[in-house]
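Note sheet for the following structure.
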Amino acid sequence: KNEVEQSPQNLTAQEGEFITINCSYSVGISALHWLQQHPGGGIVSLFMLSSGKKKHGRLIATINIQEKHSSLHITASHPRDSAVYICAVRERGAQKLVFGQGTRLTINP
Amino acid sequence: DAGVIQSPRHEVTEMGQEVTLRCKPISGHDYLFWYRQTMMRGLELLIYFNNNVPIDDSGMPEDRFSAKMPNASFSTLKIQPSEPRDSAVYFCASTPGGDRAQTFGSGTRLTVV
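Residue numbers (my numbering), protein chains in the order written: chain A, 79 to 187; chain B, 2 to 114.
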């Protein structure tokens with residue numbers, strides 16, 4: 079079993095829909111990261127969180143430390159949100175990241 | 002700030018050849034990471050450095066892979082000899098450490114034929 083599990087692996091939705099991507103992990107962590115990767119593109123850090131909730135524009139990330147679970151939400155989704163979203167955790171006392179397999183999101187106009 | 006700079010962007014080489022990937026981290030970032038991304042395995046950590054010293058190289062696949070960081074502004078990842086299964090995108094990232102996020106370079110797409 080992977081230390082970081084994401085669901086779903088693939089998600090297709092219509093423009094305007096509310097999107098949720100989930101991430102579960104099995105180790106104690108100091109922080110959880112959500113990353114975005116566009117096709118053929120580089121990796122951009124969207125959020126880093128260790129508790130509660132963060133919001134940036136139409137993106138919201140939440141984390142429940144007790145349940146070892148995080149969600150990434152996209153409101154009013156747009157075709158430009160189409161990308162792979164990757165959850166990664168930083169274990170306590172470490173700097174390295176352990177990655178989920180990613181969720182491929184496609185938003186159709 | 003130019004971000005993390007990787008070169009080359011693309012590399013096509015023949016099996017058996019030596020390949021060298023290069024990375025310049027953001028100035029002032031004490032940590033540098035090398036990752037490999039494949040369709041099958043996703044993103045994996047190969048090795049990371051703190052203040053130019055290798056801290057964890059447990060992800061380096063085998064002796065054909067080596068990484069160096071001769072100074073705070075430059076690192077290399079070398080594959081010798083290269084094999085087709087090494088074909089992947091290799092990312093470099095850096096961070097000041099602590100609670101700061103990592104910044105990724107644009108990656109090097111390596112194809113070994």
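Here a beta-carbon is modelled for each residue, glycine too, at the ideal position from N, C-alpha and C.
At a cut-off of 8 Å between beta carbons, H134(A) makes no contact with chain B.
Here the region 43 to 58 of chain B lies against the region 172 to 181 of chain A, with 3 or more beta-carbon pairs under 8 Å apart. Closest in C-alpha terms to C101(A), from the list S108(A), T140(A) and R158(A), comes T140(A).
The three-state reading of DSSP puts R110(B) in strand, counting E and B together. Under the three-state reduction of DSSP, P26(B) is assigned to coil, being neither helix nor strand. Within the region 79 to 98 of chain B, contact with chain A at the beta-carbon level (separation under 9 Å) is assigned to F92, A94, T96 and G98. What L175(A) touches in chain B, judged by beta-carbon distance under 9 Å, is F34, Y36, L44, L46, A94 and Q103, going in chain order.
P55(B) has F50(B) as its beta-bridge partners, per DSSP. If you draw a 10 Å sphere on the C-beta of G130(A), you find fewer than 16 other C-beta atoms in it, and that means exposed.
By the Cβ test, the region 3 to 14 of chain B is not in contact with the region 63 to 73 of chain B, since fewer than three Cβ pairs between them sit closer than 8 Å. A straight-line Cα-Cα distance of about 16 Å links A3(B) and A102(B).
D57(B) has a beta carbon lying within less than 8 Å of a beta carbon in chain A.
Annotated as distal: A166(A) and Q115(A), with beta-carbon spacing of 8 Å or more.
In the three-state scheme derived from DSSP, where H, G and I count as helix and E and B as strand, R168(A) is classed as strand. Straight through space, the alpha carbons of I80(B) and R86(B) are spaced by roughly 12 Å. Contact note: G29(B) does not reach chain A at a C-beta cutoff of 7 Å; the least C-beta distance is about 16 Å. Between F96(A) and H156(A), the C-beta gap is not smaller than 8 Å, which leaves the two residues out of contact.
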